[in-house]
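Just below is one structure, and these are the notes that go with it.
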Amino acid sequence: MSEIAERYSDLADAFLARVRATPAGRWDAPSPCQGWVARDVVAHVINGHRGILAAVHGTRPEAEHGVAVSPMADAPAVEPDADLAAAFIACRDQILAMLRDPILARRPLPGGPLGPVPVEEATDVIGALELLGHTWDLARATGGDEKLDPEAVARTHQALLPHHAALLATGAFAPSAPAVRDADGQTAFLRFIGRQP
Numbered sequence: 000m001s002e003i004a005e006r007y008s009d010l011a012d013a014f015l016a017r018v019r020a021t022p023a024g025r026w027d028a029p030s031p032c033q034g035w036v037a038r039d040v041v042a043h044v045i046n047g048h049r050g051i052l053a054a055v056h057g058t059r060p061e062a063e064h065g066v067a068v069s070p071m072a073d074a075p076a077v078e079p080d081a082d083l084a085a086a087f088i089a090c091r092d093q094i095l096a097m098l099r100d101p102i103l104a105r106r107p108l109p110g111g112p113l114g115p116v117p118v119e120e121a122t123d124v125i126g127a128l129e130l131l132g133h134t135w136d137l138a139r140a141t142g143g144d145e146k147l148d149p150e151a152v153a154r155t156h157q158a159l160l161p162h163h164a165a166l167l168a169t170g171a172f173a174p175s176a177p178a179v180r181d182a183d184g185q186t187a188f189l190r191f192i193g194r195q196p
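In this text, residue positions in the sequence shown follow numbering that gives the first Met the number 0: the first is 0, and each later residue adds one.
Written out as structure tokens, the structure reads:
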């Protein structure tokens with residue numbers, strides 16, 4: 000498995016652990032993402048994965064496991080009996096298969112905050128941003144483990160710095176919160192992506 004696939008797998012596993020640890024009564028808990036509850040955060044991550052896969056394969060995303068389809072920056076509708084863990088596992092496995100395929104992994108995405116880069120690069124930067132940020136969002140909403148992998152946080156933060164204006168231009172990312180003096184790496188990263196831990 001490539002380094003990028005390994006890094007993605009680790010982040011996806013951490014996100015899935017927070018999904019599985021969410022108490023049944025906390026799915027409607029407000030999240031740090033304005034207007035979204037915990038369920039919406041997970042549905043958004045699933046929807047984003049499906050959008051990437053559709054772009055790479057030249058297909059259209061499809062609803063599965065009770066999670067509908069929406070524009071990439073939104074949170075799709077979720078049926079009452081949806082299996083969010085199964086829905087995430089299905090798209091995680093497809094992303095891993097794509098990253099392990101040398102031809103698909105190098106296929107350029109048509110656009111995005113990084114510009115037209117190979118999908119593996121987009122996954123390693125924007126995908127990491129999404130998984131790290133929303134792992135924290137879900138944990139904060141549900142009382143779960145908020146600790147993120149410090150190496151992944153530092154690597155992703157550094158990779159995002161040159162693309163901050165492009166991220167904001169998408170309308171899908173909140174402006175950075177003011178920096179805090181002597182903040183640890185996770186706090187600095189979260190504030191950079193618009194969270195206020």
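Think of the CB as a built atom: it goes at the ideal place given N, C-alpha and C, for glycine as much as any other residue.
Inter-residue spacing [alpha-carbon to alpha-carbon] between Ala76 and Trp26
Straight-line Cα distance between these residues: approximately 13 Å.
Can you tell me where the alpha helix (DSSP H) with Arg139 in it begins and where it stops?
-> Ala127 to Thr141
ask   = Three-state secondary structure (DSSP) at Glu78?
value = coil
Inset, instruction - Report the partner residues of Val36 according to the DSSP bridge assignment. - result: Pro29
Arg17 and Ala138 closer than 8 Å at C-beta = yes
Which value, in whole angstroms, describes the spacing of the CA atoms of Val41 and Ala53? 19 Å
Three or more C-beta pairs closer than 8 Å, one from the segment 119-134 and one from the segment 180-195: is that the case here? Yes, they touch.
Pull up the distance between the alpha-carbon of Asp100 and that of Val55, whole angstroms please. About 12 Å.
#### Entry: Contact test: Ala37 Cβ vs the ligand GTP heavy atom, cutoff 7 Å
By its list of ligands, the structure shown contains no ligand whatsoever, and the ligand GTP lies outside what it can speak to.
Does DSSP put Val118 in a helix, a strand or coil?
helix
For Val44, is the classification buried or exposed, using 16 other Cβ atoms within 10 angstroms of its Cβ as the cut-off for buried? buried
* To do: Can you grab the Cα-Cα spacing for the pair Glu120 / Glu150, in whole Å?
  => 17 Å
*What whole-angstrom Cβ distance do Leu10 and Phe87 have, given they're in contact under 8 Å?*
Their Cβ separation, rounded to whole angstroms, is 12 Å, which puts Leu10 and Phe87 out of contact at 8 Å.
query = With C-beta atoms as the reference, is Pro117 less than 8 Å away from Arg105?
reply = yes
* Asked: Which whole-angstrom value is the C-beta distance of Asp123 and Arg49, which I expect to be below 8 Å?
  -> Contact doesn't hold; Cβ gap of about 19 Å is too wide.
Quiz item: Just curious, the alpha helix (DSSP H) that Phe14 is in, first and last residue?
Solution: Glu2 to Ala20
To the nearest angstrom, how far is it from the Cα of Gln157 to the Cα of Ala127? 12 Å
Beta-carbon proximity list for Ala85, same chain, < 6 Å, skipping 5 on both sides: His64
_Can you tell me which residues form a DSSP beta bridge with Pro107?_
Paired residues: Pro117.
Exercise for the section: Starting from the Cα of Ser30, find the closest Cα among Pro22, Gly24 and Asp39 and give me that residue. Expected result: Considering only alpha carbons, the answer is Asp39.
Can the beta-carbon of Pro112 be found closer than 8 Å to that of Leu160? no
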